[in-house]
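For reference, the structure discussed in these notes is given below.
Protein chains in written order, with our numbering: chain A, 8 to 427; chain B, 8 to 427; chain C, 8 to 427.
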């Protein structure tokens, strides 16, 4: 790979490369191919931001835990005796052994399988044997990881001094409240290993320019693939009717359409450092759920009293997005898995009382987003292959259709500069 | 790996290593093991030379294409509406996605599967949608790759300013004419991934010192494994008879034996920078084809009117050789596939009108060169394993049997110096 | 990986990292994760020390050979015409090809399969063909590797000028004599590829702090898991009785218990550079063999005239340990296999006259150490995973239970400094 790295003008060895990016055009090749950039992405983006970990409903009782693997770090997210969630590094303070092997499970204590050092669910070292008395147990708690929860979503932050979360909470909490993710259950989750840099996955997520050909089932339900410049009058009328319908019906429940135009809502906002957002968006008439035929596929969730509530959409950089319909919620989580590799998990959630086979069928619940996911991962891997070529050079974004991709790139470069 | 790198005497960081090679002896270890040398090989040899891509008969009509993967580059070789072949980088000018997924196929246009930017078979951007009018389509053609065709063989050159091809054309065109590769078809191709540096594969190809033990079936047909110093009088007589027979019989067809001695013809010629050559060589009496029993295994190709035409042999550095008998042709193509890995394809071609099962059987057509290939790849991988040892040190070439290996090494080092 | 590398104070780039290690605490992360440290381990430890290769009984007659793969080097250990063992690099002096492919076998000469250069079993070049007369065969012997044998154990040394072996011989020869490994045979060997640095494997081997939970079958037979501070009076009494029993019964055979306390014998001794040791240790009453139920599982070996001889235990850094009972011996050999990878072979040996199915059953012979091995490799891989975390920081060793782990680390760092 030949790196078009200009002479360095500052202490940051990447500053020249960062500065070489032409606004409105795709990133230079090394951002997608160079292991050193991948390392910098981990240090400057992933280890300085809030990462979606899992849903709090996955950890119902004290001792329920789940592992989250971020790069070489393994983090235990566990519910304590006091009912609150905590995140702890899965590294014994004795010889450094991992403590939990299984990706999820239940424990009464966190006991290292090597020499049985025993930690409480809050990470405090409770018992060891054979250690000299001059050492003090209180110096050997499991190292903790910052954790915040909002409306059933669990986020962690790997840095010692985390960036603010309050803005995200203020934004997402009211949007999440009616969806009832705290009273949800996971119907299914699927893991993917995608051979593409995580930024390629986000760039794919941030535009619906590819939806016409790429997601034939998705565009039947949504208006995202139209933009101000190419929305036919009929579609504009439909969209306006959908918004009006939402305003009329949802008001009684305190809901409101917050995205009122075709095309994707603007996100992220690099200028103001906004890494989270959410909105309630109308669906095409006749669609009450992001299912293959638009019909409800599970019991109503949360506070919903009727099906026609559009979709709640949320996203948080660098690793989370969610589309929630009246009856189910679909979460996507990205985790870096080495250069040109992204580990992706997709969850389908339904009301906690819903019973498979009686209240819902996976064959009806899953295809809409499983197809969309599969289609996107193929696209992302193909783009990575092309970008790896010596012939790759940055290309232009459509200003009408890829404004959010440009927004993502700006946000990313801002992080790279800010955390250099 | 310990690198015996002497102090640098010039701007090229490899110049000391290159200079440390003792003439007549094998290359120092790093040339076979160091990823930095592999990178230099790509930059100084593979990206500065003509590479055999495929046979033009594989792409019969407009829109027929084949991918050639060189290092991280994917090149589309495609026949245009005008009937001529072109080579284009398989990288969309928008977001860099690969365009073609399948290794071969037929297309009417080259449409990027991501956002449907549509290119003509000549690489010109024909259509995009949603892009701002201030951008001009003519600035976004697919990046082209130089292509030359001679007698049915397609070569490409990845550099912007390619080295001359005319000498190769002048040499190979008349030799190729009677073989009729333009009117051939591929009976079969086989792909191999050999765990050895590409230079090890070439060094193996450039001597028949290993043939006695290594290729028991090959030496029944050929005289290569004898050399001036060890050709028994009987064999010398046979060779002379074969040459005389060729001179007598082939003259009417304008053919002539161009290699008249036992042993391999001299190639390459580093002193004069000759990277291609070809010759017509007699086979052992009784052999009219490089088949297991020497008998014809397919209909006559090209202009041949009788079977006894010896073999046409051609080779072009860094990645092509071919042995053609009266009835079939066998091509071998090397492509680098990372340090200590070489991707090799072997093709068997017959007359385009020949019908499998009626005119030829793969079981008769393939074994001679399939065995030879398999035997050589095992040898090459074994040599790579040995060279990886800390105990490896350069050893001496036989001046009577490995003169062409020395010639190859000189040619290679000349390239490495010249393109530093 | 962030490396807490202090400013360099000497010519050795690792000296700062080495000096940063806090005595009594585990090694800093890079020692377990950094490929450059792995390289230094190879150069400073593995290539400067005696390595256990195999058992001499595996190579009974002239021409019997075995390959030992150390890093990228392949070494042929072969018995010569004169009955003595030699070690030779498996690299032909011509083009560097490996000579032997199979991991073990029988040859009359060492003939390179590429061009048939033929070497004697002592490595001298006997025959080549086609080479120019000005080259002399005596300059092209296979490069030899130092080899020493003691009591049926074969050690090799890759350096030109090996470190002393006489101390090891003086220590181990008398201990080995009654065990009769020269008159043994391999009943079974098993190969493992463990995803952990070799030092993690040794640290695991050097303490029995993990045995209570980790090796439930092992602790039924042995006293290792007790230490001076935690041996209950009853166990102390049992140990004393076992020692007294050994003294009384073994004296007639010239044997003696050489480890008379619970807990592990001290090894290694970094201060005096001792890399080998051995001792005869009593087993728990009722146990005469390290088998699942403590009963004899094969005929008596060597000079033993009764079963109750405790266990002979030996170890040699960096790659060997052995536990021998009256009836069988179990050897473990480590070989580095890249960063965070260790290739491990475990051998079970019995008397050479023992016949499987008649005199012993693998199902009785193997489980005790196969379980112990499997349990340890799981532990080691889990520790490697934990150490890879950014949250890993050195932890304290138990002074009463991990004194030998501290001893190993000191020995290792001494090697790293001494051979810088």
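We put the beta carbon where it would ideally sit given N, CA and C, even for glycine.
Residue A:271 holds the alpha-carbon nearest to the alpha-carbon of residue 234 of chain A among A:223, A:271, A:290, A:228. Just so you know, the alpha carbons of residue 152 of chain B and residue 170 of chain C end up roughly 59 Å apart.
If you draw a 10 Å sphere on the C-beta of residue 409 of chain C, you find 16 or more other C-beta atoms in it, and that means buried. Sequence-distant Cβ neighbours of residue 402 of chain C in its own chain, meaning closer than 7 Å and more than five residues away, are 32, 33. Distance from the CA of residue 186 of chain B to the CA of residue 395 of chain B, rounded to the nearest whole angstrom, comes to 42 Å. Within the stretch 376-403 of chain C, no residue has its Cβ closer than 7 Å to any Cβ of chain B. What residue 104 of chain B touches in chain A, judged by beta-carbon distance under 7 Å, is 389, 390, 393, going in chain order. For residue 134 of chain B, the secondary structure class from DSSP, reduced to helix, strand or coil, is strand. Under the three-state reduction of DSSP output, residue 330 of chain A falls in the strand class.
Contact of residue 217 of chain A with chain B is assigned, a C-beta pair being separated by under 7 Å. If you look at residue 338 of chain C, you'll find it in the beta strand (DSSP E) that goes 336-343. In terms of beta-carbon proximity, residue 137 of chain C lines the interface with chain B, with at least one pair separated by less than 7 Å.
With a threshold of 7 Å between beta carbons, residue 330 of chain A makes no contact with chain C.
Residues of the stretch 203-228 of chain A whose Cβ lies closer than 7 Å to any Cβ of chain B, in chain order: 216, 217, 220. Contact of residue 142 of chain B with chain A by beta-carbon distance below 7 Å involves 403.
Under DSSP, residue 355 of chain B shares a beta bridge with B:195, B:337. Interface residue (Cβ-Cβ distance to chain B less than 7 Å): residue 122 of chain C is classified as such.
When rounded, the separation of the alpha-carbon atoms in residue 73 of chain A and residue 42 of chain B is 40 Å. By the C-beta density criterion, residue 425 of chain C is exposed, having fewer than 16 other C-beta atoms within 10 angstroms. Residue 324 of chain C is positioned such that its CB atom lies no closer than 7 Å to that of residue 264 of chain C. By the Cβ-count criterion, residue 210 of chain B is buried, with 16 or more other Cβ atoms from all chains shown falling within 10 Å of its own Cβ.
Around the beta carbon of residue 318 of chain C, a 10 Å sphere encloses 16 or more other beta carbons of the protein chains shown; the residue is thus reported as buried.
By the Cβ-count criterion, residue 143 of chain B is exposed, with fewer than 16 other Cβ atoms from all chains shown falling within 10 Å of its own Cβ. A Cβ-Cβ separation of about 5 Å places residue 250 of chain C in contact with residue 267 of chain C under the 8 Å criterion.
Residues of the same chain with a CB within less than 8 Å of the CB of residue 199 of chain C, apart from the 5 flanking positions on each side, are 350, 351, 352, 353, 380, 384 in chain order.
In the three-state reduction of the DSSP assignment, residue 47 of chain A falls in the helix class, which pools H, G and I. Out of A:80, A:172, A:260, A:77, the CA that lies nearest to the CA of residue 312 of chain A is found in A:260.
The C-beta distance from residue 53 of chain C to residue 162 of chain C rounds to 13 Å, too long to fall under 8 Å, and the pair is not in contact. Contacts with chain B (Cβ-Cβ distance below 8 Å) from the stretch 87-117 of chain C involve 96, 97, 98, 99, 100, 101, 102, 103, 104, 105, 106, 108, listed in chain order.
Beta-bridge partners assigned by DSSP to residue 286 of chain A: A:320.
Closest in alpha carbon position to residue 195 of chain B, among B:413, B:343, B:414, B:374, is B:374. Taking all protein chains in view, the Cβ of residue 292 of chain C is surrounded by fewer than 16 other Cβ atoms within 10 Å, so the residue is classified as exposed. The CB of residue 406 of chain B comes closer than 8 Å to the CB of 139 in chain C, given here in chain order.
In the structure shown, residue 112 of chain B falls within a strand segment according to DSSP collapsed to helix, strand and coil. Neighbours of residue 33 of chain C across chain A, judged by C-beta separation under 7 Å: 102, 103.
When DSSP states are grouped into helix, strand and coil, residue 151 of chain C belongs to the strand group.
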